[in-house]
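Below is one structure, written out as structure tokens; comments come after it.
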Ligand SMILES: [Zn+2]
């Protein structure tokens, strides 16, 4: 899943309006920020295999440290705890922890059975929504729209930037998603890893968007 993770981040604003959209988006993408680092360092492995699923040519051979359920829970607990310490808000820390774990749950819907429960474990899960491109888009696009709508409803722009920087961020997500769904297969797994890592630009971008928007009075 890709923009489905973004949906979780945007929607989280309605629960913890004081938290920055930057950290709320970082949480559901956290495992996919670790993954390229682990690929580039050789800790995890993947291949380009067109047709692996209808949606993606990526074959996730081994990613137990970023994408096992146990590690997702541990990463979520760690990230949530750090955010709790910094924000002094158990609610924000809790939402960040759950947002991080939500990545694994959303991935379990779309991946074929390649997600391990534990590192070294023999049980792999995945419901395989990616076997249909149409079904993937039919689930993920409405989710994304719902998430963005919840964010827009919880905040209003302070200035023109608050409106247009958000519109540009949403457009960026949709373009990157269209590239993944309809573009040619990537040249190498190293290119995929660097490309995925480059997507962290959405985090400072979201911080910036959020600073130009105000939380609705009844939520703050
Ligand atoms: Zn993932």
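Numbering (my numbering), first residue to last: 39 to 258. Each residue gets a CB set at the ideal place from its N, CA and C atoms; glycine is no exception.
CA-to-CA distance, residue j to residue i, given in whole angstroms
i           : j           : result
residue 144 : residue 43  : 7 Å
residue 166 : residue 140 : 17 Å
residue 40  : residue 164 : 15 Å
residue 123 : residue 130 : 10 Å
residue 7   : residue 171 : The chain is shown only over 39 to 258; residue 7 falls outside these bounds and no answer can be derived.
residue 58  : residue 173 : 32 Å
residue 246 : residue 160 : 43 Å
residue 158 : residue 81  : 13 Å
residue 215 : residue 175 : 10 Å
residue 233 : residue 85  : 15 Å
residue 224 : residue 238 : 19 Å
residue 66  : residue 190 : 19 Å
residue 198 : residue 88  : 43 Å
residue 227 : residue 149 : 18 Å
residue 211 : residue 204 : 11 Å
residue 219 : residue 177 : 14 Å
residue 128 : residue 101 : 30 Å
residue 147 : residue 113 : 20 Å
residue 184 : residue 255 : 21 Å
residue 47  : residue 248 : 12 Å
residue 243 : residue 179 : 21 Å
residue 221 : residue 126 : 43 Å
residue 229 : residue 209 : 23 Å
Cutoff 7 Å; reference residue i; Cβ partners in own chain excluding five residues on either side
i           : result
residue 241 : 60, 63, 64
residue 55  : 192, 253, 257, 258
residue 121 : 61, 130, 131, 134
residue 196 : 250, 251, 252
residue 201 : 195
residue 119 : 131
Whether residue i touches residue j by CB criterion (7 Å)
i           : j           : result
residue 162 : residue 138 : no
residue 78  : residue 231 : yes
residue 52  : residue 181 : no
residue 103 : residue 68  : no
residue 99  : residue 83  : yes
residue 169 : residue 92  : yes
residue 108 : residue 156 : yes
residue 49  : residue 188 : yes
residue 74  : residue 235 : yes
residue 105 : residue 153 : yes
residue 142 : residue 110 : yes
Limits of the alpha helix (DSSP H) - the one that residue i falls within
i           : result
residue 50  : 41-50
residue 180 : 171-192
residue 70  : 59-78
residue 231 : 227-236
residue 53  : Per DSSP, residue 53 belongs to no alpha helix (DSSP H) and is neither H nor E.
residue 209 : 198-220
Boundaries of the beta strand (DSSP E) in which residue i is found, first to last residue
i           : result
residue 98  : 96-100
residue 247 : From DSSP, residue 247 is part of no beta strand (DSSP E) but of the alpha helix (DSSP H) over 240-249.
residue 255 : Taken as a continuous stretch (DSSP letters only), residue 255 belongs to no beta strand (DSSP E), as it is neither H nor E.
residue 106 : No beta strand (DSSP E) contains residue 106, which DSSP labels as neither H nor E.
residue 92  : No beta strand (DSSP E) contains residue 92, which DSSP labels as neither H nor E.
beta-carbon residue i near ligand 2 non-hydrogen atom, thresh 6 Å
i           : result
residue 167 : Among the ligands present in this structure, namely ligand 1, ligand 2 is not found.
Residues near residue i by beta carbon distance below 8 Å, same chain, minus five either side
i          : result
residue 90 : 96, 97, 150
**OP:** Scan the region 112-166 and note each continuous alpha helix (DSSP H) run of 4 residues or more that stays entirely inside, going in chain order.
**Re:** Those alpha helix (DSSP H) runs which fall completely within the region 112-166 and span 4+ residues are 128-148.
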